[in-house]
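Report on the structure given below.
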Amino acid sequence: DAGITQSPRHKVTETGTPVTLRCHQTENHRYMYWYRQDPGHGLRLIHYSYGVKDTDKGEVSDGYSVSRSKTEDFLLTLESATSSQTSVYFCAIKGYQGGGAYNEQFFGPGTRLTVL
Amino acid sequence: GNSVTQMEGPVTLSEEAFLTINCTYTATGYPSLFWYVQYPGEGLQLLLKATKADDKGSNKGFEATYRKETTSFHLEKGSVQVSDSAVYFCALSGNQGGKLIFGQGTELSVKP
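Chains as they are written, first to last, in this note's numbering: chain A, 163 to 278; chain B, 667 to 778.
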């Protein structure tokens with residue numbers, strides 16, 4: 163198993179409160195990703211990082227921010243949670259392949275977030 | 667933009683039946699294609715992959731062939747088991763930061 167953990171694994175919060183989810187890796191991989199999983203939508207990319215302090219938006223980034231101050235940690239923050247952000251959040255990591263087309267990502271166990 | 671479309675589920679089969687889950691894609695250039703599997707309560711695991719046209723990915727009895735002419739990557743297994751019950755996701759990567767585009771997932775239930 164890839165060394166990737168997520169915390170917390172479950173969280174219930176109220177609308178309007180800030181929430182931070184943490185992804186931690188022990189693989190020293192360059193790329194890290196945050197996805198959300200919703201019924202009928204599969205997984206959709208929220209934000210990703212291609213190095214320390216280097217991040218970019220995915221297809222559903224509104225209402226989310228991220229930070230990566232060190233290689234092993236990638237934080238996802240909901241500044242003011244809304245009910246539409248109730249979802250299962252997955253972190254993924256990927257090593258640098260040096261110009262090849264091989265893009266295997268390894269996924270964490272997920273965080274189930276409920277916003278009341 | 668890039669997109670992936672999977673057949674809708676749930677799919678219910680009897681043990682030892684033949685499985686096909688259809689996946690088609692839209693992409694510019696030459697994407698890599700993947701099948702991921704998610705068992706209940708777990709994260710996603712890579713099942714198989716193909717990185718160029720006509721490649722066949724295979725793992726645990728599952729197979730999928732990268733068909734550029736039909737823009738498809740259908741998943742097949744000759745004889746499913748109860749333990750194959752899971753959600754299967756087709757995905758592509760266009761090498762833009764390694765980002766994955768997923769289909770909506772297909773739930774498979776195999777009955778004894």
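Positions of the beta carbon are idealized from the N, C-alpha and C atoms, including for glycine.
Any idea what DSSP makes of residue i, helix, strand or coil?
{"i": "A:D200", "result": "strand"}
{"i": "A:S231", "result": "strand"}
{"i": "A:D218", "result": "strand"}
{"i": "B:Q747", "result": "coil"}
{"i": "A:S242", "result": "coil"}
{"i": "A:Q267", "result": "coil"}
Looking at chain B, is there any beta carbon in it that lies within less than 8 Å of the beta carbon of residue i?
{"i": "A:K271", "result": "The amino acid occupying residue 271 of chain A in the given sequence is Pro; Lys does not appear at that position. With 8 Å as the cut-off, A:P271 counts as an interface residue toward chain B."}
{"i": "A:F236", "result": "no"}
{"i": "A:E189", "result": "no"}
{"i": "A:G220", "result": "yes"}
{"i": "A:K256", "result": "yes"}
{"i": "A:Y193", "result": "yes"}
Compare the C-beta of residue i with all C-beta atoms of chain A and state if any pair is closer than 8 Å.
{"i": "B:N668", "result": "no"}
{"i": "B:K777", "result": "no"}
Can you find the residues in the same chain that come closer than 7 Å, C-beta to C-beta, to residue i, ignoring five residues on each side of it along the sequence?
{"i": "A:L240", "result": "P180, V181, G225, Y226 and Q247"}
{"i": "B:Y732", "result": "L699, A716, K718, A719, D720, D721 and F739"}
Going along the chain, which residues of its own chain have a beta-carbon closer than 6 Å to the beta-carbon of residue i, five neighbours each way excluded?
{"i": "B:G771", "result": "V753 and F755"}
{"i": "A:G178", "result": "S242"}
{"i": "A:V174", "result": "T276"}
Which residue wins for smallest C-alpha separation from residue i, given the options the options?
{"i": "B:T690", "options": "B:H740, B:W701, B:K715 and B:Y705", "result": "B:H740"}
{"i": "A:G213", "options": "A:G270, A:T188, A:R192 and A:G257", "result": "A:R192"}
{"i": "A:A254", "options": "A:F268, A:S242 and A:T244", "result": "A:F268"}
{"i": "A:L238", "options": "A:G202, A:H203, A:R184 and A:S249", "result": "A:R184"}
{"i": "A:S249", "options": "A:G202, A:T233 and A:F236", "result": "A:G202"}
{"i": "B:V670", "options": "A:P170, A:G204 and A:S169", "result": "A:G204"}
{"i": "A:T233", "options": "A:Y197, A:N190 and A:P170", "result": "A:N190"}
{"i": "B:L626", "options": "B:K743, B:K734 and B:G707", "result": "There is no way to answer for residue 626 of chain B, as the model of chain B reaches only from 667 to 778."}
{"i": "B:F684", "options": "B:K765, B:T736 and B:D750", "result": "B:D750"}
{"i": "A:K256", "options": "A:S245, A:V222, A:Y195 and A:D218", "result": "A:Y195"}
{"i": "A:T167", "options": "A:D218, A:G270, A:E221 and A:Y197", "result": "A:G270"}
{"i": "A:G165", "options": "A:Y251, A:D235, A:T244 and A:L278", "result": "A:D235"}
{"i": "B:G709", "options": "A:F252, A:P170, A:E266 and A:R274", "result": "A:F252"}
{"i": "B:T692", "options": "B:K734, B:L774 and B:V748", "result": "B:K734"}
{"i": "B:I687", "options": "B:T737, B:A730, B:S759 and B:G695", "result": "B:A730"}
Beta strand (DSSP E) containing residue i: first to last residue?
{"i": "B:K765", "result": "Element bounds for B:K765: n/a, residue is neither H nor E."}
{"i": "B:L774", "result": "T772 to K777"}
{"i": "A:L275", "result": "T273 to V277"}
{"i": "A:H186", "result": "V181 to Q187"}
{"i": "B:N725", "result": "K722 to N725"}
Below 8 Å CB to CB, which residues in the same chain sit around residue i once its five sequence neighbours on both sides are set aside?
{"i": "A:S231", "result": "V214 and K215"}
{"i": "B:A757", "result": "V670, L699, F700, W701, Y702, L766, I767, F768 and G769"}
{"i": "B:P676", "result": "T772, E773, L774 and S775"}
How would you list, in chain order, the residues of chain D whose beta-carbon sits under 7 Å from the beta-carbon of residue i?
{"i": "B:L712", "result": "Among the protein chains of the structure shown, namely A and B, there is no chain D."}
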